[in-house]
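Take a look at the structure set out below.
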Amino acid sequence: MHRLLVALLAALDAVLAAAGGIAVILAPLALLWVFGVGDPDWGALWPASAAVWHLGHLVPVTVTLPDTYLAATGIDPSLSTFTLSLAPLALAAFTALFAARSGARAAEAGAAVTGWLSGSVVFAGLAALVGVSANAELVASEVWLAILLPSLLFFVPSFIGAFVGSWRVGDDGPVDVLRERIERLPHGWAEVPALIVRGLALTTLGLIAVGAVVVVAGLIAGSGQVIGLYQASNADAIGAIVIALGQLMYLPTLVLWAVAFTAGPGFALGTDTAVTPAATQVGALPGIPVLGAVPDTTSSWLLLLALLPVGIGALTGWMLRSRMPRTTGPEPFGPRLVVAVAVSVLTGGVGALFALASTGSIGPGRLADTGPEPGPLALALGLEVLVGLAILLLSPRLGGETDEPSQGASVSGVEPAGSDLWPSAPRADRGVPARLAAPGAGREMPGWSSAAASQHDSDARPATDERPDSARPVPGAGAASTDAAGEELGESASVSDDDDVHARIRAAWARESDRGIDDGPRAP
Numbered sequence: 019m020h021r022l023l024v025a026l027l028a029a030l031d032a033v034l035a036a037a038g039g040i041a042v043i044l045a046p047l048a049l050l051w052v053f054g055v056g057d058p059d060w061g062a063l064w065p066a067s068a069a070v071w072h073l074g075h076l077v078p079v080t081v082t083l084p085d086t087y088l089a090a091t092g093i094d095p096s097l098s099t100f101t102l103s104l105a106p107l108a109l110a111a112f113t114a115l116f117a118a119r120s121g122a123r124a125a126e127a128g129a130a131v132t133g134w135l136s137g138s139v140v141f142a143g144l145a146a147l148v149g150v151s152a153n154a155e156l157v158a159s160e161v162w163l164a165i166l167l168p169s170l171l172f173f174v175p176s177f178i179g180a181f182v183g184s185w186r187v188g189d190d191g192p193v194d195v196l197r198e199r200i201e202r203l204p205h206g207w208a209e210v211p212a213l214i215v216r217g218l219a220l221t222t223l224g225l226i227a228v229g230a231v232v233v234v235a236g237l238i239a240g241s242g243q244v245i246g247l248y249q250a251s252n253a254d255a256i257g258a259i260v261i262a263l264g265q266l267m268y269l270p271t272l273v274l275w276a277v278a279f280t281a282g283p284g285f286a287l288g289t290d291t292a293v294t295p296a297a298t299q300v301g302a303l304p305g306i307p308v309l310g311a312v313p314d315t316t317s318s319w320l321l322l323l324a325l326l327p328v329g330i331g332a333l334t335g336w337m338l339r340s341r342m343p344r345t346t347g348p349e350p351f352g353p354r355l356v357v358a359v360a361v362s363v364l365t366g367g368v369g370a371l372f373a374l375a376s377t378g379s380i381g382p383g384r385l386a387d388t389g390p391e392p393g394p395l396a397l398a399l400g401l402e403v404l405v406g407l408a409i410l411l412l413s414p415r416l417g418g419e420t421d422e423p424s425q426g427a428s429v430s431g432v433e434p435a436g437s438d439l440w441p442s443a444p445r446a447d448r449g450v451p452a453r454l455a456a457p458g459a460g461r462e463m464p465g466w467s468s469a470a471a472s473q474h475d476s477d478a479r480p481a482t483d484e485r486p487d488s489a490r491p492v493p494g495a496g497a498a499s500t501d502a503a504g505e506e507l508g509e510s511a512s513v514s515d516d517d518d519v520h521a522r523i524r525a526a527w528a529r530e531s532d533r534g535i536d537d538g539p540r541a542p
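Numbering (the working numbering), first residue to last: 19 to 542.
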């Protein structure tokens with residue numbers, strides 16, 4: 019695809035990402051302005067929508083309450099100005115996913131860098147336009163943060179998508195050079211980078227899934243309190259819809275809080291508060307219905323939730339181990355150790371990012387501190403995932419290694435010529451294997467040397483040998499007698515239930531006759 023067309027499509031993706039996020043906010047606020055406000059100020063609609071969009075992209079928003087509102091509500095004038103910084107991460111997730119998809123499509127079109135730069139520049143321009151035009155008297159943001167943070171939320175995922183797409187389809191450039199260098203690594207190490215990336219993706223998705231399950235369980239357990247808070251709000255239909263949409267936008271934030279709760283460190287809902295599996299200490303909470311899912315008390319049994327990240331690590335280790343190549347010898351320990359440590363460290367880093375993204379202020383005073391702490395969450399997740407990974411990655415592989423027969427090894431119990439059992443010496447000085455194993459038969463037949471000895475003594479003839487004396491090999495007959503004995507043995511194969519055994523005996527005799535060995539019994 020032509021690079022200009024790729025650039026235009028990437029720019030269109032950036033426009034859709036920005037416009038879609040703003041439209042999701044602007045539409046319900048417009049309904050609220052029309053039906054919920056008696057005399058709406060349409061000049062405040064755009065700053066309010068832009069402020070929510072900025073907040074959703076991790077930009078802190080400063081709110082200033084008007085004096086008339088303070089007088090009507092009796093709020094302390096010292097609390098008239100505060101900062102909102104707890105982001106509704108649904109907006110950030112929407113932008114990041116759209117950007118990653120745009121970068122991947124540009125890479126598949128053969129112009130990864132062009133698409134990535136085009137989309138990032140256009141989105142940054144739109145963010146600058148929104149940041150400059152959105153500030154108002156009641157809600158305002160730092161202009162440079164309003165441009166930088168949304169741009170990064172598009173720039174970084176778009177780059178990741180472009181890189182992954184180029185890795186998958188090739189780019190005839192730096193990505194292919196990097197791939198070739200990785201493939202030239204020593205045996206056992208070439209797969210390590212891909213395994214680390216795959217392991218990080220698995221642990222991240224697993225933790226998000228666990229957090230979502232915990233949120234659903236909490237909403238079910240606290241459904242009575244949630245419904246009670248809805249009723250206490252006395253909101254009409256429009257107000258209830260706006261409250262529900264606002265809580266939906268904060269749903270990813272709640273999932274990350276649940277991840278911190280599951281791992282053990284928990285999260286805060288105000289200054290000097292803690293919500294952990296071991297104990298819960300919270301004061302008065304805002305009348306937000308979804309906060310009714312926060313437990314008033316906890317049980318020590320909830321500490322078992324920490325086993326869920328361990329289980330995610332074990333599942334990830336099992337999936338990574340299944341992709342490691344089996345070896346004929348002992349598995350190299352170094353690559354497995356590096357994969358386990360790297361995945362656990364990176365998972366801890368992802369936990370720190372989770373905490374940073376889901377921490378902030380939701381109001382004045384003690385509500386300025388909410389969310390998990392990055393350090394404890396990163397340490398807890400890293401150690402728990404490492405334990406699970408070590409169980410499956412560092413332990414010996416179940417079932418052992420695949421052992422292939424080495425060169426010159428015996429097959430079906432027959433040792434090759436040149437081995438210790440078949441030395442290169444005259445027949446009189448060497449031994450002949452006494453038995454030949456029948457493949458798949460699970461039994462053994464008398465060998466060639468024993469048969470020759472029994473033929474030398476007519477009284478010691480085997481019971482199954484019903485041949486007349488004239489059909490026995492004649493001493494000193496050489497190769498001809500060997501062939502005759504083979505033919506006679508073939509005739510007696512009808513008495514045996516396994517022709518393959520006799521075929522092996524005839525082959526052994528034929529090999530000996532080719533070496534010029536006299537197979538007939540010698541005179542005493």
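Cβ atoms here follow ideal geometry from the backbone N, Cα and C, with glycine treated the same way.
Asked                                                                                                                                                  : Found
Please list the terminal residues of the continuous beta strand (DSSP E) segment that includes F100.                                                   : 99–102
Would you report the Cα separation of E155 and L225, rounded to the nearest angstrom?                                                                  : 41 Å
Would DSSP call V300 helix, strand or coil?                                                                                                            : coil
In whole angstroms, give me the CA-to-CA distance for G301 and G240.                                                                                   : 17 Å
Helix, strand or coil for T91 per DSSP?                                                                                                                : helix
Tell me which same chain residues have a C-beta within less than 7 Å of the C-beta of A146, skipping the five on either side of it?                    : I165
Can you give, in chain order, each stretch of the alpha helix (DSSP H) that sits fully within the segment 216–258 and has at least 4 residues?         : 241–251
With DSSP collapsed to three states, give me the class of V312.                                                                                        : coil
Grouping DSSP H, G and I as helix and E and B as strand, with all else coil, what is A154?                                                             : coil
Could you check if V228 is buried or exposed, using at least 16 other CB atoms within 10 Å of its CB as the buried criterion?                          : buried
Take S317 as the anchor and find which of V182, G381, F279, I238 has the nearest alpha-carbon.                                                         : F279
Indicate whether the contact test is met: 3 or more Cβ pairs, each with one atom in the segment 83–93 and one in the segment 248–261, closer than 8 Å. : no
So, using beta-carbon positions, are G352 and G217 closer together than 9 Å?                                                                           : no
Rounded C-beta distance between A396 and A370? I'm assuming under 8 Å.                                                                                 : 4 Å
Whole angstroms is fine: what's the gap from G38's alpha carbon to G331's?                                                                             : 36 Å
Since A125 and A180 are thought to touch, with beta carbons under 8 Å apart, how far apart are those beta carbons, to the nearest angstrom?            : 5 Å
Taking Cβ to Cβ, would you say A324 is nearer than 9 Å to A281?                                                                                        : yes
Here's the rule I'm using: 16 or more other beta-carbon atoms within 10 Å means buried, otherwise exposed. How should D85 be labelled?                 : exposed
Over the uninterrupted beta strand (DSSP E) stretch that includes T82, give me the two end residues.                                                   : 79–82
Tell me which same chain residues have a C-beta within less than 7 Å of the C-beta of V182, skipping the five on either side of it?                    : A122
In the DSSP assignment, find the unbroken alpha helix (DSSP H) run with I330 in it and report its ends.                                                : 325–341
In chain order, what residues of the same chain lie with their CB nearer than 8 Å to the CB of L203, ignoring the 5 residues before and after it?      : V210
I believe A68 touches A158 by the beta-carbon criterion, under 8 Å. Please report the beta-carbon distance rounded to the nearest angstrom.            : Between A158 and A68 the Cβ distance is about 10 Å, and since that is not below 8 Å, they are no contact.
Considering only DSSP beta bridges, list what V293 is partnered with.                                                                                  : F285, T298
Look at the alpha carbon of L163 and the alpha carbon of L333, and state the distance between them as a whole number of angstroms.                     : 40 Å
Taking just the CA atoms, how far does L171 sit from A208?                                                                                             : 32 Å
If you run the structure through DSSP and keep just helix, strand and coil, what is G188?                                                              : coil
Near E422, which residues of its chain fall below 6 Å by C-beta distance, leaving aside the five closest residues on each side in sequence?            : Only weak support exists for where E422 lies, its pLDDT of 41 falling under 50; the coordinates are left without a value.
Sort G389, L135, R529 by Cα distance to G288 and report the nearest one.                                                                               : G389
Between the C-alpha atoms of P304 and M342, what's the straight-line distance to the nearest angstrom?                                                 : 51 Å
Could you check where the alpha helix (DSSP H) with R123 kicks off and where it finishes?                                                              : 107–126
For A110 versus A375, is the C-beta spacing smaller than 9 Å?                                                                                          : yes
Determine the contact status of V308 and L50, defining contact as a CB-CB distance below 9 Å.                                                          : no
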